[in-house]
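See below for the structure under consideration.
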Amino acid sequence: MDIPPPPPPELPPFSPVAATFSGTPTKDEKNFAMFAHVGAILTSFIAPLVIYLMKKDESPFVAMHSRKALVVSSAFCVLMFVLAVLGVCLSIILIGFIFFILMIPLYIAYIIFCIYEAVQASNGKDGIRIPF
1167 MDIPPPPPPE LPPFSPVAAT FSGTPTKDEK NFAMFAHVGA ILTSFIAPLV
1217 IYLMKKDESP FVAMHSRKAL VVSSAFCVLM FVLAVLGVCL SIILIGFIFF
1267 ILMIPLYIAY IIFCIYEAVQ ASNGKDGIRI PF
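Residue numbers (the working numbering): 1167 to 1298.
If you want it as structure tokens, here you go:
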């Protein structure tokens, strides 16, 4: 007489944000989260990465915002690199300038997103939810 094994435990439902923050962040946490987004404008993914590595264990609020800035800035760097390569390669047949023109509104949208997220972080809010 074999006894069937117990069923596996229920997994939590998928959350678009790996670590959401519930509570009131301190002024320092708000500043670090804001600097992660502002630093993403100035240094691409380096400032969010440094802030994430420094504060990931201390503050879930800072970890969430710095991880969000890191993902968005990394995706932006890859997209800009792809557009630049395509622009250079297709400049031989005189349509490569289209990709360079596409880089301008993309960069403006990136700056607007980073500023919006920095304002949300300085107000202690989660901002836009990005699945990662």
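Even for Gly, the Cβ is constructed at its ideal location relative to N, Cα and C.
Check each candidate in Phe1242, Ser1288, Asn1289 and Gly1290 and name the one with the smallest Cα separation from Leu1268.
What you label residue 1268 is simply residue 102 of the sequence shown in a count that begins at 1. Shortest Cα-Cα distance from Leu1268 to any of Phe1242, Ser1288, Asn1289 and Gly1290 involves Phe1242.
For Cys1280, which residues in the same chain have their Cβ closer than 6 Å to its Cβ, ignoring the five residues on either side in sequence?
Taking the first residue of the sequence shown as position 1, residue 1280 is located at position 114. Result list for Cys1280: His1203, Ala1206 and Ile1207, in chain order.
Please identify the residue among Pro1226, Leu1249 and Tyr1218 whose C-alpha is closest to the C-alpha of Val1237.
Looking up residue 1237 in the sequence shown gives position 71. Considering only alpha carbons, the answer is Tyr1218.
Closest Cα partner of Ala1213 within the set Ile1259, Ser1225, Gly1253 and Ser1232:
For the purposes of this step, residue 1213 is taken as the residue at position 47 of the sequence shown. Selection Ile1259, Ser1225, Gly1253 and Ser1232 evaluated against Ala1213 yields Ser1232 as nearest (Cα-Cα).
Less than 7 Å between the beta carbons of Ala1199 and Ala1287, yes or no?
As a working note, residue 1199 is residue 33 in the sequence shown. As a working note, residue 1287 is residue 121 in the sequence shown. Result yes, Cβ atoms of Ala1199 and Ala1287 sit closer than 7 Å.
Output needed for Leu1249: all residues of its chain with C-beta closer than 7 Å, excluding positions within five of it in sequence on either side, in chain order.
As a working mapping, residue 1249 is identified with position 83 in the sequence shown. Phe1265, Leu1268 and Met1269.
Candidates Lys1193, Ser1240, Gly1189 and Arg1295: closest to Thr1299 by CA position
Lying before the first or after the last residue shown, residue 1299 is absent from the chain, which here runs from 1167 to 1298.
With DSSP as the reference, label Thr1209 as helix, strand or coil.
Counting from one through the sequence shown, the residue named residue 1209 turns up at place 43. Three-state result, Thr1209: helix.
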